[in-house]
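Counting from 0, one number per residue, gives the positions in the sequence shown under numbering that gives the first Met the number 0.
Take a look at the structure set out below.
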Amino acid sequence: MLPRALHHSRPSPGHPERPERLTALRDGIRRSGLEPRVELLAPRDATREELLRVHAAEHIAAVAATAGGARQFDADTQAGPHSYAAALKAAGAVTDAVERVLDGRLDRAFCLVRPPGHHAEADRAMGFCLFNNVAVAAAHALARGLSRVAIVDFDVHHGNGTQHTFESDRRVLYVSSHAYPFYPGTGALAETGRGEGRGFTVNLPLPAGMGDGEYARIYRDVVEPIGRAFEADLMLVSAGFDAFGGDPLAPMALTASGYSELAAVCLAIAAGAAQGRAVFVLEGGYDLRGLAASGAAVMRALLGDPTPTVVPTGRAIDPLIAEYRRAFQPYWPILRG
Numbered sequence: 000m001l002p003r004a005l006h007h008s009r010p011s012p013g014h015p016e017r018p019e020r021l022t023a024l025r026d027g028i029r030r031s032g033l034e035p036r037v038e039l040l041a042p043r044d045a046t047r048e049e050l051l052r053v054h055a056a057e058h059i060a061a062v063a064a065t066a067g068g069a070r071q072f073d074a075d076t077q078a079g080p081h082s083y084a085a086a087l088k089a090a091g092a093v094t095d096a097v098e099r100v101l102d103g104r105l106d107r108a109f110c111l112v113r114p115p116g117h118h119a120e121a122d123r124a125m126g127f128c129l130f131n132n133v134a135v136a137a138a139h140a141l142a143r144g145l146s147r148v149a150i151v152d153f154d155v156h157h158g159n160g161t162q163h164t165f166e167s168d169r170r171v172l173y174v175s176s177h178a179y180p181f182y183p184g185t186g187a188l189a190e191t192g193r194g195e196g197r198g199f200t201v202n203l204p205l206p207a208g209m210g211d212g213e214y215a216r217i218y219r220d221v222v223e224p225i226g227r228a229f230e231a232d233l234m235l236v237s238a239g240f241d242a243f244g245g246d247p248l249a250p251m252a253l254t255a256s257g258y259s260e261l262a263a264v265c266l267a268i269a270a271g272a273a274q275g276r277a278v279f280v281l282e283g284g285y286d287l288r289g290l291a292a293s294g295a296a297v298m299r300a301l302l303g304d305p306t307p308t309v310v311p312t313g314r315a316i317d318p319l320i321a322e323y324r325r326a327f328q329p330y331w332p333i334l335r336g
């Protein structure tokens with residue numbers, strides 16, 4: 000994914016969503032000695048049919064029209080001469096990874112892509128995102144006949160685009176842990192889905208300052224039981240690394256060990272009905288050292304290496320866990336215990 004993704008230009012000097020993010024992540028994996036243990040795959044373009052399952056034709060045309068030129072979609076989101084090509088590769092890489100995992104050609108995958116995707120809505124780009132890579136891949140999995148797809152999003156920003164794509168669809172479980180109130184302003188606890196999809200959107204809004212212990216407790220006590228009860232055929236993870244302590248865009252305090260714990264929970268869920276089938280997809284993460292360390296930690300988890308022990312935080316977080324349980328017990332009886 001690197002060569003084409005690196006051509007997706009940054010909106011302006013100093014902008015956090017820059018090509019160096021992928022270089023840092025790849026270098027972190029290489030320095031950790033993990034690269035010889037993985038298969039490196041070249042991405043393909045997403046097809047128009049795949050994009051249309053999620054995005055309006057007008058939006059696809061608007062992004063395509065930027066090829067060779069430039070457009071400012073909003074204050075944060077710009078496309079340069081090569082951004083359309085990079086966005087096609089990003090969505091195509093994730094969809095191809097899902098294909099390979101479902102066909103048994105891969106056990107798991109980690110898609111190092113940019114631009115990121117989870118903010119992209121059906122009809123507009125936003126939050127650095129042009130196409131919604133994870134949503135396109137999830138829709139493709141459903142089109143292939145899967146009954147249930149789980150998406151866990153641990154980016155520090157709520158994935159508004161992914162939620163809105165599937166909030167009326169009970170075949171998709173969307174779980175997001177994110178700072179709140181924070182950009183993009185969505186993801187309140189009360190947003191639980193619509194119509195037949197009510198209860199299958201699980202938003203876990205977090206106050207600032209949450210670290211490894213708090214995240215571990217939330218994921219073990221809330222995310223894992225819901226995920227196991229859903230019995231997904233496939234696990235997709237929007238892997239944003241911007242909850243890392245020191246990230247310039249976020250107020251959280253995760254370490255690389257914390258990210259390893261989140262990955263371990265997601266993989267434990269996938270080990271059930273999904274038979275281990277999981278695809279992790281890069282979203283945010285803007286501290287280069289944190290991105291390198293955390294990405295390598297997640298890769299170790301994907302390779303089945305032992306993960307560092309993270310002790311879940313005790314009673315200080317009890318009120319927050321109780322609030323989550325009250326909100327979701329009507330939909331997930333497993334939380335009543």
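Every residue, glycine too, gets a C-beta built ideally from N, C-alpha and C.
Cβ neighbour criterion (16 or more within 10 Å) applied to residue i
i: Asp102; result: exposed
i: Ser176; result: buried
i: Arg325; result: exposed
i: Ser146; result: exposed
i: Ile333; result: exposed
i: Arg17; result: buried
i: Val310; result: exposed
i: Leu39; result: exposed
i: Gly239; result: buried
i: His14; result: exposed
i: Glu322; result: exposed
i: Arg143; result: exposed
i: Glu49; result: buried
i: Ile20; result: Here the sequence assigns Arg to residue 20, which means Ile is not the residue at that position. Buried, since its Cβ has 16 or more Cβ neighbours within 10 Å.
i: Thr312; result: buried
i: Ala249; result: buried
i: Pro247; result: exposed
i: Arg314; result: exposed
Opening and closing residue of the alpha helix (DSSP H) in which residue i lies
i: Val201; result: Looking at the DSSP string, Val201 is not in any alpha helix (DSSP H); the run it does join, the beta strand (DSSP E), is Thr200 to Leu205.
i: Ala350; result: Since the first residue of the chain shown is 0 and the last is 336, residue 350 is not available in this structure.
i: Gln162; result: Asn159 to Phe165
i: Ala189; result: No alpha helix (DSSP H) contains Ala189, which DSSP labels as neither H nor E.
i: Val155; result: That residue, Val155, is in no alpha helix (DSSP H); it is neither H nor E in DSSP.
i: Tyr83; result: Ser82 to Leu101
Residues that residue i bridges to, as DSSP identifies them
i: Gln71; result: Gln77
i: Gly210; result: Ala252
i: Cys128; result: Met125
Close Cβ partners of residue i (< 6 Å) along its chain, the five nearest in sequence each way excluded
i: Ala134; result: Val53, Thr161 and Thr164
i: Thr76; result: Ala124, Met125 and Phe127
i: Ile320; result: Asp220
i: Met0; result: Low confidence applies here, because Met0 scores a pLDDT of 44, under 50, leaving its location unreliable and the question unanswered by this model.
i: Tyr182; result: His156
i: Val174; result: Val151, Val201 and Val222
i: Arg107; result: Ala277 and Leu301
i: Met251; result: Val155, Met209 and Ala242
i: Ala255; result: Ala292, Ser293 and Ala296
Beta strand (DSSP E) segment containing residue i, residue limits
i: Asp152; result: Val148 to Asp152
i: Tyr173; result: Val171 to Ala178
i: Arg107; result: Arg107 to Cys110
Beta-carbon contacts of residue i that lie in its chain and below 7 Å, excluding the five residues immediately before and after
i: Ala267; result: Glu223
i: Leu261; result: Phe153, Tyr214 and Tyr218
i: Pro2; result: Residue confidence is low: Pro2 scores 47 on pLDDT, short of 50, so the model does not pin down where it sits. No coordinate-derived value is stated.
i: Ala291; result: Ala23, Leu24, Asp26 and Gly27
Contact set for residue i: own chain, Cβ-Cβ below 8 Å, skip 5 residues either direction
i: Asp232; result: Ala140, Leu145, Ser146, Arg147, Val148, Ala272, Ala273 and Arg276
i: Arg70; result: Ala61, Ala64, Gln77 and Ala78
i: Gly303; result: none
i: Phe327; result: Thr191, Gly198, Val201, Val221, Ile225 and Leu334
i: Ser167; result: Gly192, Arg193, Gly194, Glu195 and Gly196
- Item | Uninterrupted beta strand (DSSP E) stretches inside the region 268-316 (no shorter than 3 residues) | 277-281
- Query: What residue ranges within the region 228-257 form continuous beta strand (DSSP E) runs of no fewer than 3 residues, ordered along the chain?
  - Reply: 233-238
- Query: What are the start and end residues of each continuous alpha helix (DSSP H) run of 4 or more residues lying completely inside the region 24-67, in chain order?
  - Reply: 47-51 and 56-63
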